[in-house]
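Chains as they are written, first to last, in the numbering used here: chain A, 5 to 279; chain B, 5 to 279.
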């Protein structure tokens, strides 16, 4: 495993790679990340990952300071699935004198974008920069962060970046809870209970497909069911993945999206309405 | 000469080019553009230009509708200096569903950025997109648009675009008037008179270097001299090219910058204070 610390080091290494599958992460790797990395390794000559806890995408009062950091462990995990190099830059190396920002409107207006002002600007800016550094052939993102996928997709299309994006379905714990680096914030019993989020969402999706009740009634039922299970619901809706706008009928682009707080942790999840 | 209309056509052509010198323009080519193109042809295996009158960089009430368009003539001129291909996309091809914007703060805060809100966002966005499409080895910009050079330089550094930027000194008419596609808006006699702008600025630069008077006195004298010659001065200052901030002493990064209206045309110019 090659650990790269500077842009110059990545540039030099990149010259030796015919095709690159790139997996940008904020570290604290779990099975979801490793799935992305396995795909990157399988589909490209070289897999390169990055670990950068991006301050631009954390809002005031969010968990930037507490965000789990365990670089040595992460590098070992990435090596285990065949990644060739990991880019682990300092904040100074990435953002030292930076004053450029990339914003993607429309697709970032609602849901996470509405509740986390500046979040997707931070994501888009750093992803654009990482793409500039790594020049990947393909880049891999987890659908767990659905709106992030949609934002990156729109940015890549708009700025005509010649990168093949691969979005990989969410990996879940046995309970159904979506893998997330933030799941470590839970106690063991709360972590088990948090799985109700996905279970209830699957029922909501089934009811939407059945079509016996109108969408609003189904969402009302779902929100009520989540509240009964001690989730504070922020939103529960169905969107077209490409626009991240609510829809009133479902097709293959439809994803049920949810955000809720439970036991002091903010959870997001989403799933295809039509499997 | 190969005329490319779509992103897909550029991508395909690009595969055949070992190194590319890229000259983005808004058309209405003059000797300044041709100088950039000559450099691109000389320093790279292939020279590619673009002609795109970018609506994003024109403000309300600016001259988007009147901006000179003469594609066939421009293509012939580019061919004459050895350019291999010109990318001439439609507005729809470039901006059809685009909602991504690139902003560069700091370097764009003053001067043109202050007076033309949104201008540099429009420039940075389209230049980033053109760079994504063409993937140039080197890109050429004229120092006539000094702050544009500074904005592109900052963007390329911040987003770690692997592009070698070349800034080429302004080409002037025999009178000293900086070449500009907008000079065509003048009557013949006004165009001759407009050369006083550069003449007076050269005297201002000399006085700054002499150092007998403080900067403010010299700028006061220069503004007065310009007014006497019927220029409405918007600004006259000395900046560090890298930051586009005013400086109080001069070095090799110092440029005298000026904007003034004359005969209904807004002129900008700049020159190295130390030759």
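The beta-carbon is built from N, C-alpha and C at its ideal position, and this holds for glycine as well.
Inset, instruction - Step through the CB atoms of chain D and report whether any lies within less than 8 Å of the CB of residue 106 of chain A. - result: As a matter of chain content, chain D is missing from the structure shown, whose protein chains are A and B.
Inset, instruction - Can you tell me which of the three DSSP states residue 163 of chain A falls into? - result: coil
Legend entry - Partners in chain A for residue 164 of chain B, counting only beta-carbon separations shorter than 7 Å: 11, 133, 136 and 137
Inset, instruction - Could you spell out where the alpha helix (DSSP H) holding residue 89 of chain B opens and where it closes? - result: Premise fails: residue 89 of chain B lies in the beta strand (DSSP E), 89–91, not in any alpha helix (DSSP H).
Legend entry - chain B within 8 Å of residue 90 of chain A, Cβ atoms only: Residue 90 of chain A does not count as touching chain B.
Inset, instruction - Identify the contact partners of residue 110 of chain A in chain B, using a Cβ-Cβ distance below 8 Å as the criterion. - result: 103
Legend entry - Entirely enclosed alpha helix (DSSP H) segments - the region 202–238 of chain B, minimum 4 residues: DSSP runs (the alpha helix (DSSP H)) wholly in the region 202–238 of chain B: 219–232.
Legend entry - Alpha-carbon spacing of residue 139 of chain B relative to residue 167 of chain B, whole angstroms: 8 Å
Legend entry - Proximity test, Cβ basis, 8 Å: residue 41 of chain A and chain B: no
Inset, instruction - Count the C-beta pairs between the region 155–172 of chain A and the region 180–187 of chain A that are closer than 8 Å, then say yes if the count reaches three, no if not. - result: Inter-segment contact for the region 155–172 of chain A and the region 180–187 of chain A is absent: fewer than three beta-carbon pairs are separated by less than 8 Å.
Inset, instruction - Would you mind stating whether residue 60 of chain B and residue 136 of chain B have Cβ atoms separated by less than 8 Å? - result: Contact flag unset, no.
Inset, instruction - Could you check how far apart the C-beta atoms of residue 87 of chain B and residue 51 of chain B are, in whole angstroms? I think they sit under 8 Å. - result: 4 Å
Legend entry - 8 Å contact criterion, which residue 251 of chain B and residue 115 of chain B should meet: CB distance rounded: At roughly 13 Å, the Cβ-Cβ gap does not stay under 8 Å, so residue 251 of chain B and residue 115 of chain B are not in contact.
Inset, instruction - Anything in the region 139–159 of chain A with a Cβ closer than 8 Å to a Cβ of chain B? List those residues in chain order, please. - result: 139, 158 and 159
Inset, instruction - Kindly list, in the order they appear in chain A, the residues whose Cβ is closer than 8 Å to that of residue 15 of chain B. - result: Within chain A, the residues near residue 15 of chain B are 166.
Legend entry - Whole-angstrom distance between residue 27 of chain A and residue 194 of chain A, CA atom to CA atom: 30 Å
Legend entry - Span of the beta strand (DSSP E), counted from its first residue to its last, around residue 40 of chain A: Taken as a continuous stretch (DSSP letters only), residue 40 of chain A belongs to no beta strand (DSSP E), being part of the alpha helix (DSSP H) at 35–47.
Inset, instruction - Look at residue 129 of chain A and residue 104 of chain A and say whether their C-beta atoms are less than 8 Å apart. - result: yes
Inset, instruction - Identify, in the order they occur along the chain, each residue of the same chain with its Cβ nearer than 7 Å to the Cβ of residue 47 of chain B, setting aside the five sequence neighbours on each side. - result: 25 and 142
Legend entry - Residue interval of the beta strand (DSSP E) (run including residue 265 of chain B): Here the beta strand (DSSP E) through residue 265 of chain B covers 258–266.
Legend entry - Nearest to residue 106 of chain A (by Cα), restricted to the options B:133, B:118 and B:64: B:133
Legend entry - Endpoints, alpha helix (DSSP H) assigned at residue 12 of chain B: 11–18
Inset, instruction - Give the range of the alpha helix (DSSP H) segment to which residue 127 of chain B is assigned. - result: 123–138
Inset, instruction - Alpha carbon to alpha carbon, how far is residue 21 of chain B from residue 32 of chain A? Give it in angstroms, no decimals. - result: 41 Å
Inset, instruction - Taking 8 Å as the cut-off, decide whether the C-beta atoms of residue 112 of chain B and residue 49 of chain B are in contact. - result: no
Legend entry - DSSP state of residue 58 of chain B mapped onto helix, strand, coil: coil
Legend entry - Cross-strand partners of residue 67 of chain A (DSSP beta bridge): Per DSSP, none; premise fails for residue 67 of chain A.
Inset, instruction - Report back the beta-carbon spacing between residue 265 of chain B and residue 236 of chain B to the nearest angstrom; my notes put them in contact at under 8 Å. - result: 4 Å
Legend entry - Member of B:216, B:240 and B:198 whose CA lies at the smallest distance from the CA of residue 233 of chain B: B:198
Legend entry - Reduced DSSP secondary structure (H/G/I, E/B, other) of residue 79 of chain B: Residue 79 of chain B falls in the helix class under three-state DSSP.
Legend entry - Own chain, CB closer than 8 Å to residue 101 of chain B, minus 5 neighbours either side, in chain order: None.
Inset, instruction - Starting from the Cα of residue 99 of chain B, find the closest Cα among B:203, B:56 and B:187 and give me that residue. - result: Ranking B:203, B:56 and B:187 by Cα distance to residue 99 of chain B puts B:56 first.
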